[in-house]
Amino acid sequence: MAEVPAAVSGGWAPVAAVLLGALAVAAALLDGALAGRAAGVRSGMGRPVGEVARLLRQRRRTTVAADRLLWRIGGAGLLGMALMIITVVPLGRWTLFDLDVGVVWVNALDVLAWAFVWLTGWGANSAYALVGGYRFLAHGLAYELPLMFALVAPAVAASSLRVGEVAAAQQGLWFVVWMPVAFVVYCLGVVAIAVWGPFSPALGRDVAGGVTAELSGVDRLLFLAGRYALLAAGAAFAVPMFLGGGAGPLLPAWAWVLVKATVLLAGLVWLRRRAPALRPDVFMEVGWLVLLPAVLLQDLLVAVVVIGG
Amino acid sequence: MTVRTVLLVAAALISVGLYGALSQQVVVMVMMGLELMLNGLILAVAGLWWFCAPDPSGQVLLLVILAAMTVEMAMGFAVATSLHRVRRSDLTDTAADLSG
Amino acid sequence: MGVSGALARLALRHAHLLVIEVPGYWLTRVAVERLAGVRGWRLAVSPADADILVVCGSPGPELALVVASLWEQLPGPRARIDVTTPDLVAAGLDQAAAMLRDTPGQRRDSTARDGRGFDDAAGGDIALAHGSADRDGLEMDVLHVRLGPVLPEWPAGLVLRAHLHGDLIAEAQAGVIDAGHGPAGGAHVAGGDPSDEVRPAVAGEVAARRCDNAARLLALAGWPDAAGGARAIRDRLLTGERSAATAELARLRRRVRRSWLLRWSLRRVGPLPPDELARLGLAPDLTGDVWDRLNGMLGRAAVAVGGPAGVVDGGPAGVVDGGPAGVAVGGPVDVVVGGPVTSPAAVASVVSGWDVATARLIVASLDITALDVVTDG
Amino acid sequence: MVTHLAFWGLAVIAVLAGVAVFVVNSMARASYSLALSFIAVGLQVLLLQQLYVGVLVILMMVMEMAIMAVYMNMFMGMNPAMMSMNMVHGARHALPVSVGVFLLLAAGALFAPWPSRRGSPPADVTAALGVELMGPKMLAMAVVGVVMAATIVSGIVLAAHRTRYDRFGDDLRRRRPADPQPGGVRR
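Each protein sequence line maps, in turn, to chains A, B, C and D. So the mapping is simple: our numbering equals the position in the first sequence, first residue as 1, plus 5. So the mapping is simple: our numbering equals the position in the second sequence, first residue as 1, plus 58. So the mapping is simple: our numbering equals the position in the third sequence, first residue as 1, plus 40. So the mapping is simple: our numbering equals the position in the fourth sequence, first residue as 1, plus 1.
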C-alpha cells in the first residue's frame with residue numbers, strides 16, 4: 006500500500022468539488038445541530054438549509070461608494086481557494102494534480118485568505134467591515150509563520166514536498182504521533198484561515214459582523230460557504246500530511262481518507278462551541294513567543310530524527 | 059514561448075516599474091515601482107535559466123532575488139514608518155535632505 | 041411560485057431579527073429575544089444580516105431617524121414591527137412572519153426600492169480626515185465613527201462618537217440618544233418610580249438584568265454557548281422558574297470561572313482601581329479588570345436571586361406574559377430597578393486608548409442598568 | 002500550443018496589471034494589481050518548469066501586498082470611493098526615460114544572439130535545487146539567512162517607538178511591561 010498516488014484526468018475535478026461540497030455541508034449541518042442543541046432548539050440541523058433558502062431569497066445589496074469589484078472578488082475567493090487546495094490532496098490512489106511542490110502550493114493558497122478576507126472587509130466601505138479586515142490581518146501575522154513551519158515538519162520527515170509521497174512515508178507511524186505540536190499548530194492555522202471559532206473576531210459581534218457586516222444575499226452565502234469549504238479542505242489536507250493518508254484496515258484507501266477528514270472536521274467544528282475568541286491583540290504574542298518557538302523545536306526534532314534514522 | 063519573448067515581457071515589466079519608481083511621490087508607491095522591476099527581473103532570470111543554462115545553480119539566483127525583495131520591502135516599510143513618525147509625511151520630496 | 045413559496049417557508053423558519061431597544065424597554069427586548077429563540081429565529085448582527093426589524097418601545101425623534109435609515113439598509117424581503125409591551129411581542133412576531141411570507145408584497149416592496157438606487161449605508165461616513173498621533177506617537181489618519189445606538193450587545197441608547205486610528209479609539213465622546221425627549225428617552229431610576237410597589241419582581245429582575253449583561257459580555261468575548269446559557273437563566277428568572285435558574289446560574293458561574301482561556305483573554309483588560317471608579321462616579325463593585333467584573337456581575341445575580349430580597353418564590357410569573365398592572369399607556373412598561381445610573385462621560389473615559397474589541401468588552405463589563413441622560417456633548 | 006497561449010495570456014495580464022498599479026485611483030486596487038502581476042509572473046515561472054520558485058513568488062508576494070495595502074491605507078487614509086489619486090512628480094522625465102529603457106531592453110532581447118541551451122534540465126528541478134542549496138550554494142543561503150535576521154532586527158529598531166526601557170523601566174526591573182494594552186503572554 007506504499008504506492009504513490011497517480012494523477013487522474015482533470016475531468017474528475019467536478020467529483021472532487023462535489024466531495025468537498027459534501028464535507029462542507031456536513032460541517033454546516035453539524036454546526037447547526039450543535040448550535041441548536043446549545044440554544045435548546047429542535048430545528049438545529051435544518052439551520053444551514055434554512056439559511057441557504059433565506060440567503061437565496063434575500064436581495065444583494067451594496068453600499069455607498071463600495072469598491073464592488075474587489076468586494077465581490079473577496080467574497081467569492083474563499084470558495085475558489087478551497088477548491089484549489091483539494092486539487093493536490095490525494096484520495097487514496099488518485100490525485101487531481103500531482104504537483105511535486107504540493108505542500109508549498111497549499112501554503113501559497115492559504116496566504117490568499119489574507120487577500121480575500123481583507124478585500125471583503127475593504128470593499129464594503131464600512132468602518133466595521135474594515136476593522137474586521139484589519140483584525141484578520143493581525144491574526145494572519147500571528148498564525149501564518151507557525152503554520153508554515155508546521156507544514157515543514159512532515160515535508161522534512163518524508164524528504165519530499167509531494168503530498169502523495171508525504172502520505173506514503175507514514176506507513177509505519179502516522180506523523181501526528183511524533184509531531185503533535187506541528188499538527189496542533191496546523192489545525193489552528195486551518196481554523197484561522199476559515200475565520201472560524203476562536204479566530205472569528207474578524208467577524209465579531211462587537212463590530213456588527215465585521216467583514217460580513219454589509220454582505221447580504223448571494224454574496225453572504227458565498228462567503229459563508231467559502232468558510233465551511235476552507236475548513237473542510239484544511240481537514241482533508243491534514244489527512245495526507247499528518248494522519249497517514251489512506252492507511253487503515255478493512256476499508257479501501259479512499260474511504261479512509263474521507264473518514265479521517267470527516268472526523269477531524271467534526272473536531273474543528275466542535276471547537277467553536279468550547280473556546281472563546283482569541284483576540285488578535287492577545288494572540289499576537291502567543292503566535293510569536295509560544296507557537297513559533299514550539300514549532301521550530303518540533304522541526305528540529307524531526308530533522309534530527311530523520312538524519313539519525 | 060522562446061527566450062526572446064520571455065525577455066520582451068520582462069523588459070516591459072521592468073520599464074513599467076521604472077516609470078513608477080521615477081514618477082511617484084509617495085514612498086510606498088516608489089517601492090511598488092521597484093517591486094515591479096524586480097518582478098520583471100524574476101521572469102528574465104527564470105527564462106534565461108530555462109532556455110540557456112538549465113543547471114541547478116541558476117535557480118539559486120532566483121531565491122536570492124526573492125530574498126532581496128523581502129529585504130527591500132521590510133526596510134522600506136520600516137524607513138517609511140520612521141520617516142512618517144519624524145516628519146509626519148510620506149512623500150519622497152520631504153526626505154530630499156537625507157540624500158546628503 | 042411553488043419554488044419561491046417553499047423557499048419562503050424554509051427561510052421563514054430561520055429568520056434573523058435586528059432588535060432595537062429604546063431605553064427603558066428592556067423587558068420588551070428580552071421578551072422578543074426569548075420568543076424569537078423559541079421559534080428558532082436568531083439575532084442579526086447588522087442590518088445587512090436581518091430580515092425583521094423589531095423596535096422595542098416608542099423611539100424619540102433622533103432614534104426614529106436611525107431606525108428609518110436602518111430600515112433602508114435591510115436587504116429585503118423585510119418586515120418591521122414595533123412592540124411596546126412584552127405581551128404584544130408574540131402577536132408582533134406573528135405579524136412579521138406573515139409579512140415575510142407575503143411574497144407578492146415583498147416583490148412590490150423590492151421594485152419600489154429599486155428606483156432609489158443604492159441603499160444608504162452607515163458605512164458612508166468614512167471620510168478623509170486630518171491625522172493625529174496615535175498612542176504610539178505615529179501620525180495616523182483619524183476615522184470618525186459613531187458607535188451605537190444600534191449595535192449587537194450594546195447598552196440601549198448609548199452613542200459613542202469615537203476617533204479611530206485604525207481600530208484604536210483615540211478619544212471618544214458619549215451621549216444618550218434622545219436625551220431629554222420625554223419618558224422614552226430618559227432613564228428611569230428606581231426610587232421615585234410608581235412601579236416600585238411591584239416588589240416581587242425586583243429580586244428576579246435585578247438578577248435577570250445582571251444575567252443579561254453577563255450574556256452580552258460573554259457574547260462579545262466570542263463564547264456564544266455561555267452567552268446563550270446566561271440568556272436562558274435570564275429568561276427563567278423572568279418567567280419565575282427561580283429554583284432552576286439558581287441551579288443553572290451556579291453551574292454557569294463554575295463554567296466561567298474554570299475557563300482558563302476566557303480568563304486569559306479578559307485578564308488585565310480595562311483595569312479600574314477604586315479611586316478611578318470614585319472619580320468617574322461608577323459603582324465601587326466594578327473594581328478590577330473585565331474578568332473580575334464579569335465574575336462580579338454573575339455573583340451579584342446569585343446574591344439577588346438567593347439573597348434577602350428574594351423572598352417571593354415563583355411570584356413574578358406575570359412579568360413577561362401578563363405584565364404588571366398599573367402601567368400608564370404610552371409610557372415605558374419596564375421598570376428599571378436596582379443598579380446605579382451610569383454617566384456616559386464615564387463610559388467614554390474608560391474606553392479611550394483601547395481598541396474597539398477591548399473597548400466593547402469594557403463597556404459591557406460596566407454592568408450598565410441605566411444611563412444618565414446628561415450628556416457631555 | 003496550450004503553453005504558448007497560456008504564456009501570452011499571462012504576459013498580457015502581468016504587464017497590464019503592472020500598468021494598472023500606477024493608473025488606478027485606489028490604494029487597494031494598486032496593491033492588488035501588483036499582486037495580480039506577481040501571480041501572473043509566478044504562473045509563468047511555473048510554465049518555465051521552476052515549480053518551487055514559481056509557487057514561492059505567489060506565496061510571498063500576495064502576503065506582501067496584503068500588508069502593503071494596509072500600509073497604504075494607514076498612511077494615506079484612503080477609502081474605496083476612488084478619490085482621484087495623483088501623486089506623480091516629475092512625470093515629464095519618467096515617461097521618456099522608461100520608454101527609452103524599454104526600447105533598449107527590447108532591442109537587446111530580440112536581437113542579441115542568445116546562446117542555445119547548454120546542458121539539459123535536471124529530472125526533478127525542485128530536488129536539484131534543494132541539493133544545490135544544501136551543497137555547493139550553502140554559503141549563499143546562509144548569508145541570505147543572516148541578512149533576513151538582520152532585516153527583522155533593524156526593521157523593528159527603525160519602526161518601533163517604544164524600547165524595552167519604556168516597557169520595563171529604566172533599570173529593566175519591572176516585572177510586567179507597561180504596555181498600553183496587555184499582550185497575551187505575561188511577561
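Glycine is no exception: its CB is placed at the ideal position from the N, C-alpha and C atoms.
Residues near residue i by beta carbon distance below 7 angstroms, same chain, minus five either side
| i | result |
| --- | --- |
| residue 102 of chain C | 217, 218 |
| residue 219 of chain A | 68, 129, 131, 134 |
| residue 292 of chain A | 147, 148, 151 |
| residue 96 of chain C | 59, 60, 61, 62, 65, 68, 69, 72, 123 |
| residue 143 of chain A | 285, 289 |
| residue 193 of chain C | 256, 259, 260, 404 |
Proximal chain A residues relative to residue i, where beta-carbon distance stays under 7 angstroms
| i | result |
| --- | --- |
| residue 268 of chain C | 43, 44 |
| residue 54 of chain C | 52, 55, 56, 59 |
Opening and closing residue of the alpha helix (DSSP H) in which residue i lies
| i | result |
| --- | --- |
| residue 92 of chain C | Counting along the chain, residue 92 of chain C falls outside any alpha helix (DSSP H), though it belongs to the beta strand (DSSP E) covering 92-96. |
| residue 131 of chain D | 126-135 |
| residue 396 of chain C | 396-405 |
| residue 296 of chain A | Per DSSP, residue 296 of chain A belongs to no alpha helix (DSSP H) and is neither H nor E. |
| residue 60 of chain A | 52-62 |
| residue 309 of chain C | Residue 309 of chain C -> no alpha helix (DSSP H), and no H or E assigned at all. |
| residue 73 of chain C | 66-78 |
| residue 25 of chain A | 18-44 |
| residue 207 of chain A | No alpha helix (DSSP H) holds residue 207 of chain A; DSSP gives it neither H nor E. |
Residue i classed as buried or exposed, judged by whether at least 16 other C-beta atoms fall within 10 angstroms
| i | result |
| --- | --- |
| residue 205 of chain C | buried |
| residue 151 of chain A | buried |
| residue 108 of chain B | buried |
| residue 275 of chain C | buried |
| residue 57 of chain A | buried |
| residue 27 of chain A | exposed |
| residue 26 of chain D | exposed |
| residue 62 of chain D | buried |
| residue 52 of chain A | buried |
| residue 24 of chain D | exposed |
| residue 137 of chain D | exposed |
| residue 35 of chain D | buried |
| residue 101 of chain A | buried |
| residue 222 of chain C | Since pLDDT at residue 222 of chain C reaches only 49, below the 50 mark, its modelled position is unreliable, and the value read off the structure follows with that caveat. Burial call: exposed. |
Residue range of the unbroken beta strand (DSSP E) whose run includes residue i
| i | result |
| --- | --- |
| residue 271 of chain A | Premise fails: residue 271 of chain A lies in the alpha helix (DSSP H), 258-279, not in any beta strand (DSSP E). |
| residue 153 of chain D | Taken as a continuous stretch (DSSP letters only), residue 153 of chain D belongs to no beta strand (DSSP E), being part of the alpha helix (DSSP H) at 139-160. |
| residue 122 of chain C | 119-123 |
| residue 209 of chain C | 208-216 |
Beta-carbon proximity list for residue i, same chain, < 6 angstroms, skipping 5 on both sides
| i | result |
| --- | --- |
| residue 212 of chain A | 133, 136, 137 |
| residue 167 of chain C | Its pLDDT being 45, under 50, residue 167 of chain C is placed unreliably by the model, and the measurement read from it follows with that caveat. Taken in chain order, the list of residues that qualify is empty. |
| residue 173 of chain D | none |
| residue 110 of chain A | 93, 104 |
| residue 19 of chain D | 38 |
Cross-chain neighbours of residue i in chain D, by beta carbon under 7 angstroms
| i | result |
| --- | --- |
| residue 327 of chain C | Within 7 angstroms Cβ-Cβ: nothing; residue 327 of chain C doesn't reach chain D, min ~17 angstroms. |
Listed by chain order, chain A residues near residue i by CB distance under 9 angstroms
| i | result |
| --- | --- |
| residue 138 of chain C | The premise fails here: residue 138 of chain C is roughly 16 angstroms from chain A at the closest Cβ pair, so nothing lies under 9 angstroms. |
| residue 17 of chain D | Those do not exist, as residue 17 of chain D stays about 15 angstroms from chain A at its closest Cβ, beyond 9 angstroms. |
| residue 30 of chain D | 72, 74, 75 |
Residue i beta carbon near the ligand GTP (any heavy atom closer than 7 angstroms)
| i | result |
| --- | --- |
| residue 47 of chain A | This structure does not include the ligand GTP; it has no bound ligands of any sort. |
Within-8 angstroms CB hit, residue i to chain F
| i | result |
| --- | --- |
| residue 164 of chain D | Going by chain labels, chain F is absent from the structure shown, which instead holds the protein chains A, B, C and D. |
Sequence-distant residues of its chain with Cβ nearer than 8 angstroms to residue i (five each side left out)
| i | result |
| --- | --- |
| residue 126 of chain D | 50, 51, 52, 53 |
| residue 348 of chain C | Residue placement at residue 348 of chain C is flagged as unreliable, the pLDDT there being 42, under the threshold of 50; a coordinate-derived value is accordingly withheld. |
Listed by chain order, chain C residues near residue i by CB distance under 8 angstroms
| i | result |
| --- | --- |
| residue 287 of chain A | 304, 305 |
*Residues of the stretch 46-58 of chain D with a CB closer than 8 angstroms to any CB of chain A: list them in chain order, please.*
52, 53, 56, 57
*Members of the stretch 116-139 of chain A near chain C, C-beta cut-off 8 angstroms*: 129, 130, 131, 132, 133, 134, 135, 136, 139
*Mind listing which residues of the stretch 382-412 of chain C have their C-beta closer than 8 angstroms to chain D's C-betas, in chain order?*
393, 394, 395, 398
_the stretch 91-110 of chain D: positions lying closer than 8 angstroms to chain B by Cβ_ = 91, 92, 94, 95, 96, 98, 99, 100, 102, 103, 106, 107, 109, 110
*asked:* Taking beta-carbon pairs under 8 angstroms, can you tell me which members of the stretch 173-184 of chain D lie near chain C?
replied: 181, 182, 183
*Closer than 9 angstroms, Cβ to any Cβ of chain C: which residues of the stretch 188-221 of chain A, in chain order?*
202, 203, 205, 206, 208, 209, 210, 211, 212, 213, 214, 215, 217, 218, 219, 220, 221
*asked:* Along the stretch 81-107 of chain A, where does the CB come closer than 8 angstroms to a CB of chain D? Name the residues.
replied: 104, 105, 106
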